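*Asks:* Here our numbering is used: the first residue of the sequence shown is 355, the next is one more, and so on.
All C-beta atoms in this analysis are idealised placements derived from N, C-alpha and C, irrespective of residue type, glycine included.
Being a predicted model, the structure only gives us computed values, none of them experimental.
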Amino acid sequence: MRNNTTSHSLREVVNIENPVFKSFEGKYFIGESDLLSFGFNNYAWGALYNPKDSGVNLYFSVTTVTNTSDLPIKSRIYLNSTIPEGATKVTSVTPSNLTILPPPKPKIIFLTGQFLSSKIEGGVKAYTRIVPPSSTLVNEENGKIVIPPGGNILNLLISSAQVLIKAHIAYGFWREEI
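Spelled out as structure tokens, the structure:
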């Protein structure tokens with residue numbers, strides 16, 4: 355007896371998140387600040403700055419704030435504000451795909467500051483989140499916020515407490531040639 359069943363070929367289809375795809379391409383980067391100190395009416399901050407001559411757009415994917423204190427803090431996101439003076443460059447930014455050699459360069463600069471006494475100037479205050487004590491807040495945007503050359507996204511850490519507060523800021527982002 356002969357089998358009259360028609361042969362069907364199957365094609366595998368896989369859905370992956372865009373940040374994962376950008377990691378495969380070598381365009382996704384991650385980095386974390388050193389422990390930042392603030393309090394006593396001062397602020398700490400971390401920013402991703404897209405240099406004017408970068409030739410890329412910055413796609414903001416995720417930020418995390420790890421609050422190591424026993425008090426809640428606020429995490430306030432600003433878009434295209436003025437970067438405060440006295441910034442420190444974070445050197446631990448790395449591609450998330452470590453299989454590509456030589457490793458790709460981010461072209462985006464991660465800057466931080468602490469004990470800032472003045473308010474952030476310019477730009478747009480996008481939103482504020484509360485970070486509970488001894489916890490990590492994850493804020494995922496998955497590329498919905500796009501920063502052109504010369505722009506930035508800044509995360510300001512705020513506490514009204516009259517004690518020393520310490521926290522980390524981390525970012526995940528990708529970049530695309532213009």
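In its own chain, which residues sit with a C-beta less than 6 Å from the C-beta of tyrosine 382, not counting the 5 before and 5 after it?
*Replies:* To locate residue 382, count along the sequence shown from 1; it is residue 28. Excluding positions up to five away in sequence, the list reads Pro373, Lys376, Ser450 and Trp528.
*Asks:* At which residues does the alpha helix (DSSP H) containing lysine 376 begin and terminate?
*Replies:* One-based indexing of the sequence shown puts residue 376 at position 22. Start and end: 372-379.
*Asks:* Over the uninterrupted beta strand (DSSP E) stretch that includes phenylalanine 553, give me the two end residues.
*Replies:* Because residue 553 is not part of the residues shown, which for the chain are 355 to 532, the question remains open.
*Asks:* In angstroms, rounded to a whole number, what distance separates the CA positions of valine 447 and serine 415?
*Replies:* Walking along the sequence shown from the start, residue 447 turns up at place 93. Walking along the sequence shown from the start, residue 415 turns up at place 61. Straight-line Cα distance between these residues: approximately 14 Å.
*Asks:* Going by C-alpha to C-alpha distance, which of Glu531, Ile519 and Ile532 sits closest to aspartate 424?
*Replies:* Mapped onto the sequence shown, residue 424 falls at position 70. The residue with the shortest Cα to Cα distance from aspartate 424 is Ile519.
*Asks:* On the three-state DSSP scale, how would you describe serine 446?
*Replies:* Within the sequence shown, residue 446 is the residue found at index 92, counting from 1. Note: serine 446 maps to coil in three-state DSSP.
*Asks:* In chain order, which continuous runs of the beta strand (DSSP E) of length 3 or greater are located wholly inside the segment 390-460?
*Replies:* 390-392, 397-403, 410-421 and 427-433, all fully within the segment 390-460.
*Asks:* Rounding to the nearest angstrom, what Cα-Cα distance links leucine 510 and valine 410 in this structure?
*Replies:* Numbered from its first residue, the sequence shown carries residue 510 at position 156. Numbered from its first residue, the sequence shown carries residue 410 at position 56. Roughly 24 Å separates the two Cα atoms.
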